[in-house]
Amino acid sequence: MYTLEHVSRNYGKVSALRDITCAIPTDRFVSVVGPSGSGKSTLLRLLSFVELPTSGTIRLDLEGLSYTSGGKARPWPAVTAVFQRQFLWPHLTLRQNICLPLAAGGMSDITSRLQHVVELFDMEDFIDRYSNEVSGGQATRVALARAFVLEPRLILIDEPHGGLDPEQQAILNSYLLKLRKAGVGLVVVTHSLDFAKKYADRVVVIEDGEVVEEGSSTLFTQPRSRFLKNIVAIP
Amino acid sequence: MNASDVLWQYREAFARGFFVTLELVVLAGLIGTFVGFLLEWLCSLFEGPVRAGVDGVAFAVSAIPALVILFWLYYPAQSLLGVSVSPFLTALAALTLIATFSVYRIIADARRDFPQQYVTTALVLGLNKAQILRYIQMPLLIRAALPRWVDLLVVLLQTSVFASLISVEEVFRVSQRINSVIYRPVIIYSAMAVLFLVAAGSGMYLAKYLRARFHRDFSER
Chain A
1 MYTLEHVSRN YGKVSALRDI TCAIPTDRFV SVVGPSGSGK STLLRLLSFV ELPTSGTIRL
61 DLEGLSYTSG GKARPWPAVT AVFQRQFLWP HLTLRQNICL PLAAGGMSDI TSRLQHVVEL
121 FDMEDFIDRY SNEVSGGQAT RVALARAFVL EPRLILIDEP HGGLDPEQQA ILNSYLLKLR
181 KAGVGLVVVT HSLDFAKKYA DRVVVIEDGE VVEEGSSTLF TQPRSRFLKN IVAIP
Chain B
1001 MNASDVLWQY REAFARGFFV TLELVVLAGL IGTFVGFLLE WLCSLFEGPV RAGVDGVAFA
1061 VSAIPALVIL FWLYYPAQSL LGVSVSPFLT ALAALTLIAT FSVYRIIADA RRDFPQQYVT
1121 TALVLGLNKA QILRYIQMPL LIRAALPRWV DLLVVLLQTS VFASLISVEE VFRVSQRINS
1181 VIYRPVIIYS AMAVLFLVAA GSGMYLAKYL RARFHRDFSE R
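Protein chains in written order, with this note's numbering: chain A, 1 to 235; chain B, 1001 to 1221.
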């Protein structure tokens, strides 16, 4: 469980997040939605502990361990992230991209883990290519596989549907469900309200750097926030 | 005496001169690379005024002609310090100075252009800093810097002819001396040009090969 207390994040004079206090479960499928520039990706980076809040604290309680922002919290790879542009390492093949974190973590069963994710994410046809030789959808699958192969408890995912056509989005959703079925907690930042409505156990709505609404997907039937009201009002 | 006779007769002198040239370039390249790397590393630790100062010196070294640096080190600097350093070591110092700040700029540029998200991604996937440096940063930085580094060696090779002006017995000075004896400038300077073509051409070919081998088009297809 993440506990955020009065969390703010500024970039110079720009305030990306403002005084957020909320709790975000780590063992569920959580969707973070909101308009562009509302602070969703910033929240994800803070939750991944690669960035620190300007003020306030973020506490992560995970399997008996507690991590607090501001210290040298390194919950990786128990908590890992897939960022918006996947950031597959371009000098390595996709196979090497997946194997490197396993080897770096001293895993002994690299071959079997690799085989498992290659089958799970249907990557046999392109696993030996480089990242610039595959489509956006395939790259997202590899990035998810690279995170999942480490057996994390939680994966934070930023805009997985970005740049994908509807068919690729549907395929991607099926893989996200596979992750969920495998027991991995997911926090997914998305523009796709349909996706959030259909799959998320919990929805967090951000507007202008503030959490304005949170709850189950019933939020979509009785929206309170301006953002959701506007979207739901569109026929 | 035809062209081949001239070249054959003075082959040992040419070889000795060319060896001195290569010695200058290789030593300056290696020392400059090491010190340039070290300088960039130190700047990355301290940044701020240290980086600004080194950037200023690097700019000055690249803006001042190599010949001026060489002469300055050979005459005023030695006079001011009251020391006498051999022409070879003076030329080596000048070329090393140029190589050092060129390597510093090459590495600094490659580091500045390095996408930090590759590092962030590696962090959240559990790699430690040493692993990130070894498996992510170094391979990508070297790929970015290697062709420019080989280009630098070619520039050093061309610049090394200035060493003849302070009496270093490198290939240009040897050619001048031979020419002063037999006065066959076309043959002698053509032979020297061929030597440079072979050496610089090899370097340029190597740079081209390295670009083709390691430089990947990272854009999506």
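Glycine residues also receive a C-beta, built at the ideal position from the N, C-alpha and C atoms. Note that the structure is predicted; figures quoted are calculated from it, not measured.
Q) Looking at the C-beta of leucine 1146/B, does it have a partner C-beta in chain A at a distance below 8 angstroms? A) Your numbering for residue 1146/B matches position 146 in the second sequence. No - not a single Cβ of chain A is within 8 angstroms of the one on leucine 1146/B.
Q | Supposed close pair cysteine 22/A, valine 188/A - CB separation, criterion 8 angstroms | A | If you number the first sequence from 1, residue 22/A lands on position 22. If you number the first sequence from 1, residue 188/A lands on position 188. With a contact defined as Cβ atoms closer than 8 angstroms, cysteine 22/A and valine 188/A miss out at about 16 angstroms.
Q) What do you get for tyrosine 1104/B, buried or exposed, if any count of 16 or more other CB atoms within 10 angstroms of its CB means buried? A) Translated into the one-based positions of the second sequence, residue 1104/B becomes position 104. The residue is buried, with at least 16 neighbouring Cβ atoms inside 10 Å.
Q: Tell me, to the nearest whole angstrom, how far the beta carbon of alanine 1110/B is from that of alanine 1145/B; I am working on the premise that it is less than 8 angstroms.
A: Counting from one through the second sequence, the residue named residue 1110/B turns up at place 110. Counting from one through the second sequence, the residue named residue 1145/B turns up at place 145. The Cβ separation is near 5 angstroms, so the contact holds.
Q.
So that I know if they touch, is there some Cβ in chain A lying closer than 8 angstroms to that of valine 1124/B?
A. Along the second sequence, one-based indexing puts residue 1124/B at 124. At least one chain A Cβ lies under 8 angstroms of valine 1124/B.
Q) For leucine 4/A, which three-state DSSP category applies? A) Residue 4/A sits at position 4 when you count from the first residue of the first sequence. In this structure, leucine 4/A counts as strand in the three-state DSSP scheme.
Q: Within the same chain, show all residues whose beta-carbon is closer than 7 angstroms to that of valine 995/B, passing over the 5 residues directly before and after it, in chain order.
A: Chain B is shown only over 1001 to 1221; residue 995/B falls outside these bounds and no answer can be derived.
Q. From the beta carbon of tyrosine 1135/B, is the nearest beta carbon of chain A less than 8 angstroms away?
A. Taking the first residue of the second sequence as 1, we reach residue 1135/B at position 135. For tyrosine 1135/B, the answer is yes, since a Cβ of chain A falls inside 8 angstroms of its Cβ.
Q. If we call anything under 8 angstroms between Cβ atoms a contact, is valine 184/A one with alanine 145/A?
A. The sequence position of residue 184/A within the first sequence is 184, counting from 1. The sequence position of residue 145/A within the first sequence is 145, counting from 1. Cβ distance not < 8 angstroms, so valine 184/A and alanine 145/A don't count as in contact.
Q.
I want to see whether chain A comes within less than 8 angstroms of threonine 1096/B, judged by CB atoms only; does it?
A. For the purposes of this step, residue 1096/B is identified with residue 96 of the second sequence, where counting begins at 1. By this cut-off, threonine 1096/B is not an interface position.
Q: For threonine 218/A, count neighbouring Cβ atoms within 10 angstroms of its own Cβ and tell me buried if that reaches 16, exposed if not.
A: Residue mapping note: residue 218/A aligns to position 218 of the first sequence, counting from 1. Counting Cβ neighbours within 10 Å, threonine 218/A comes out exposed, since fewer than 16 surround it.
Q: Give the secondary structure of aspartate 194/A by DSSP, where H, G and I count as helix, E and B as strand, and everything else as coil.
A: Numbered from its first residue, the first sequence carries residue 194/A at position 194. Reduced to three states, the DSSP call for aspartate 194/A is helix.
Q. Which residues mark the beginning and the end of the beta strand (DSSP E) in which tyrosine 67/A is found?
A. For the purposes of this step, residue 67/A is taken as residue 67 along the first sequence, with counting starting at 1. From DSSP, the beta strand (DSSP E) with tyrosine 67/A extends over 65-68.
Q.
Using the Cβ count rule (16 or more neighbours within 10 Å means buried), how would you classify valine 1083/B?
A. Counting from 1 along the second sequence, the entry for residue 1083/B is found at position 83. Answer is exposed; the Cβ neighbour count stays below 16.
Q | Chain-order list of residues whose beta-carbon lies under 8 angstroms from that of glutamate 207/A (same chain, five-residue window excluded) | A | On the first sequence, residue 207/A is found 207 positions in, with the first residue counted as 1. Answer for glutamate 207/A: Gly34, Pro35, Ser38, Ser225, Arg226, Phe227, listed in chain order.
Q: Verify whether the separation of the beta carbon atoms of isoleucine 110/A and leucine 120/A is less than 8 angstroms.
A: In the first sequence, counting from the first residue as 1, residue 110/A sits at position 110. In the first sequence, counting from the first residue as 1, residue 120/A sits at position 120. It is not a contact, given that the beta carbons lie outside the stated cut-off.
**Q.** Anticipated Cβ contact below 8 angstroms, leucine 1070/B with alanine 1091/B, distance rounded
**A.** In the second sequence, counting from the first residue as 1, residue 1070/B sits at position 70. In the second sequence, counting from the first residue as 1, residue 1091/B sits at position 91. The Cβ separation is near 6 angstroms, so the contact holds.
(Q) Looking at chain A, is there any beta carbon in it that lies within less than 8 angstroms of the beta carbon of arginine 1143/B? (A) By one-based count along the second sequence, residue 1143/B stands at place 143. Interface residue, yes.
Q: With a 10 Å radius around its C-beta and 16 neighbouring C-beta atoms as the bar for buried, classify glutamine 222/A as buried or exposed.
A: Working through the first sequence from its first residue, we reach residue 222/A at position 222. Burial call: exposed.
Q.
When you compare the CB positions of threonine 3/A and arginine 45/A, do they come within less than 8 angstroms of one another, or not?
A. As a first step, residue 3/A is located in the first sequence; it is residue number 3 there, counting from the start. As a first step, residue 45/A is located in the first sequence; it is residue number 45 there, counting from the start. Not a contact, by the Cβ cut-off of 8 angstroms.
Q.
Assuming isoleucine 20/A is part of the beta strand (DSSP E), what are its boundary residues?
A. Translated into positions along the first sequence, residue 20/A becomes position 20. In the DSSP annotation of this structure, the continuous segment of the beta strand (DSSP E) that includes isoleucine 20/A starts and ends at 14-24.
Q. Exposed or buried, which one is aspartate 165/A when buried takes at least 16 other CB atoms within 10 Å?
A. Mapped onto the first sequence, residue 165/A falls at position 165. Flag for aspartate 165/A reads exposed.
Q: Determine the burial state of serine 131/A: buried for a count of at least 16 other Cβ atoms within 10 Å of its Cβ, exposed for fewer.
A: The residue labelled residue 131/A in the question sits at position 131 within the first sequence. If you draw a 10 Å sphere on the C-beta of serine 131/A, you find 16 or more other C-beta atoms in it, and that means buried.
Q: Assign asparagine 1002/B to one of two classes, buried (16 or more other C-beta atoms within 10 Å of its C-beta) or exposed (fewer than that).
A: Taking the second sequence and counting its residues from 1, one reaches residue 1002/B at position 2. Around the beta carbon of asparagine 1002/B, fewer than 16 other beta carbons lie within 10 angstroms, which makes this residue exposed.
Q. Can you tell me where the alpha helix (DSSP H) with phenylalanine 121/A in it begins and where it stops?
A. In the first sequence, residue 121/A corresponds to position 121, counting from 1. Secondary structure note for phenylalanine 121/A: it is in no alpha helix (DSSP H), with a DSSP letter that is neither H nor E.
Q. Which residues of chain B have a Cβ atom closer than 7 angstroms to the Cβ of glycine 105/A, listed in chain order?
A. Taking the first residue of the first sequence as position 1, residue 105/A is located at position 105. Near glycine 105/A (Cβ distances below 7 angstroms), the residues of chain B are Gly1126.
Q. Nearest CA to the CA of glutamine 1137/B: which residue from Leu1123/B, Ala1212/B, Phe1101/B, Thr1033/B?
A. Within the second sequence, residue 1137/B is the residue found at index 137, counting from 1. Taking the Cα of glutamine 1137/B as reference, the smallest distance to any Cα among Leu1123/B, Ala1212/B, Phe1101/B, Thr1033/B is reached at Leu1123/B.
**Q.** Own chain partners of proline 1185/B with C-beta closer than 8 angstroms, once the 5 adjacent residues on each side are dropped
**A.** Numbered from its first residue, the second sequence carries residue 1185/B at position 185. Correct list, in chain order: Asn1179.
Q: Could you check the C-alpha separation between arginine 1011/B and tyrosine 1189/B for me, to the nearest Å?
A: Numbered from 1 along the second sequence, position 11 holds the residue referred to as residue 1011/B. Numbered from 1 along the second sequence, position 189 holds the residue referred to as residue 1189/B. About 14 angstroms.
(Q) Considering only their Cβ atoms, is the gap separating serine 15/A from proline 53/A smaller than 8 angstroms? (A) Your numbering for residue 53/A matches position 53 in the first sequence. Your numbering for residue 15/A matches position 15 in the first sequence. Not closer than 8 angstroms, so no.
(Q) Looking at chain B, is there any beta carbon in it that lies within less than 8 angstroms of the beta carbon of alanine 16/A? (A) In the first sequence, residue 16/A corresponds to position 16, counting from 1. No, alanine 16/A lies away from the interface with chain B (no Cβ there is under 8 angstroms from its Cβ).
(Q) Is there a Cβ of chain B sitting closer than 8 angstroms to that of leucine 150/A, yes or no? (A) Numbered from its first residue, the first sequence carries residue 150/A at position 150. True, the Cβ-Cβ gap to chain B drops below 8 angstroms.
Q | the stretch 153-173 of chain A: positions lying closer than 7 angstroms to chain B by Cβ | A | none
Q: Pull up the distance between the alpha-carbon of leucine 154/A and that of phenylalanine 87/A, whole angstroms please.
A: Within the first sequence, numbered from 1, the residue matching residue 154/A stands at position 154. Within the first sequence, numbered from 1, the residue matching residue 87/A stands at position 87. Going by the C-alpha atoms only, they are around 19 angstroms apart.
Q: Note the first and the last residue of the continuous beta strand (DSSP E) segment covering valine 1275/B.
A: The question about residue 1275/B has no answer, for chain B in this structure spans 1001 to 1221.
Q. Run through DSSP, which three-state label would tyrosine 1074/B get?
A. Along the second sequence, one-based indexing puts residue 1074/B at 74. DSSP places tyrosine 1074/B in helix when its eight states are reduced to three.
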